[in-house]
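Residue numbers (this note's numbering): 82 to 285. Worksheet: the structure to be examined is printed underneath.
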Amino acid sequence: MKIKSIILRIIKFIPNYEFKVFLLKQIFGYSIGKNVKIGRAVINCNKVVIGDNVLIADRTTISCNELYIGANTSIHSGNVIQGSANFYLGSNSRIINNHYFDLWNNIHIGNNTWIAGKNSEFWTHGSVHTKDNEKDLSIIIKDHVYIGSSSLFAPGVVIESVNLVGLGSVVSGIFKESLTIIAGNSAKVVKNNIDWRSNWGCKL
C-alpha cells in the first residue's frame, strides 16, 4: 500500500489528463470512462469505476474501499473522501468545494444531486459500541437533492429524493418525504410541497 500511495502521488502531478487516466487504468486497473479529467487529486481505492465526462479537480483526496462515480458528474477542489467503506456518487451530480466525507460506513449520493457551497461534513461513525454492534450508520442521499453550504450530517441519515437541505443545517435521522425544505439545528421539515428545482426563490 505504501508503494501504491507513492506512485499515486507522483501521478497526481502529471499535467496531461489522458496520460494520467491511462496510467491509473494500466497500473491499478481502475475503470475510467471517456473524457475524464483528473486534476492534482489522489484516488487511492481498491476498486474504482468512473463514468464518462467526469471532472475531479485539484486538491481532492479520495481514499476508500470501492468508488463509483456516474457520468457527467464533477467533484470540485479541496474535497476529502476517506475511510474503509464505499462511496457512490450518481450521474449528473456535483460536489463543490472543501467538503468532508467520513467513510467508516458507506455514503450513497444519488443522481442529479448537489453538495453545494463549501464546508459540509458527512459522518458515518459513532462510538466504538456502534461498530461492535454492527449497526449500519451509512448515509443515503437520494436523487435531485440540494445540500446547502456548511451542513453537518450525523451517522445514519437518509434523505428522500427531491428535497432541499438549507445551509448550516445539522441533520440527523430519516426524512421519508419528498418535495420539502429541511433546515435548522436540529434539522426538521420547515416547508412542504416545494420543488426546489422550480421554486428556488421560495420563502421559508
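Ideal Cβ positions, reconstructed from N, Cα and C, are used throughout, including at glycine. Note that the structure is predicted; figures quoted are calculated from it, not measured.
*Residue span of the alpha helix (DSSP H) that contains Ile-88, given as start and end*: Segment 83-93, the alpha helix (DSSP H) holding Ile-88.
*asked:* Let's see if you can read the secondary structure: which residues bound the beta strand (DSSP E) around Tyr-98?
replied: Where Tyr-98 is concerned, there is no enclosing beta strand (DSSP E), although the alpha helix (DSSP H) it sits in stretches over 98-109.
_One question on the structure: do Val-117 and Val-135 come within less than 7 Å of each other, judged by their Cβ atoms?_
In this structure, Val-135 lies closer than 7 Å to Val-117 by Cβ.
_Cβ-based neighbour list, Ala-152, same chain, cut-off 8 Å, excluding 5 preceding and 5 following_ = Excluding positions up to five away in sequence, the list reads Gly-114, Gly-132, Asp-133, Asn-134, Val-135, Ser-172, Asn-173.
*Could you check how far apart the C-beta atoms of Trp-195 and Ile-143 are, in whole angstroms? I think they sit under 8 Å.*
Cβ-Cβ separation between Trp-195 and Ile-143: approximately 18 Å, too far for a contact (criterion under 8 Å).
*Classify Glu-215 as helix, strand or coil using the three-state DSSP reduction.*
DSSP places Glu-215 in coil when its eight states are reduced to three.
_Residue closest to Phe-109, alpha-carbon to alpha-carbon, out of Arg-121, Ile-92, Asn-97, Pro-96_ = For Phe-109, the nearest C-alpha among the options comes from Ile-92.
*How about Ser-250 and Ala-235: do their beta carbons lie closer than 7 Å?*
No; because the gap between Cβ atoms is not below 7 Å, this pair is not in contact.
*In the structure shown, what three-state DSSP assignment does Glu-258 receive?*
DSSP places Glu-258 in coil when its eight states are reduced to three.
*Please classify Trp-281: is it buried, with 16 or more other beta-carbons within 10 angstroms of its beta-carbon, or exposed?*
In summary, Trp-281 is exposed, with fewer than 16 beta-carbon neighbours lying within 10 Å of its beta-carbon over all protein chains present.
*One or two residues paired with Glu-202 in a DSSP bridge*: DSSP, once it has assigned bridges, lists Tyr-181, Leu-233 as partnering Glu-202.
_For Ser-112: DSSP bridge partner residues_ = In the DSSP output, where bridge partners are listed per residue, Ser-112 has Val-130.
*Under 7 Å, do Asn-286 and Asn-187 count as touching if we go by C-beta distance?*
Here the chain has residues from 82 to 285 only, and residue 286 is not among them.
*Tell me whether Ile-87 is buried or exposed, calling it buried when 16 or more other Cβ atoms sit within 10 Å of its Cβ.*
Result: exposed.
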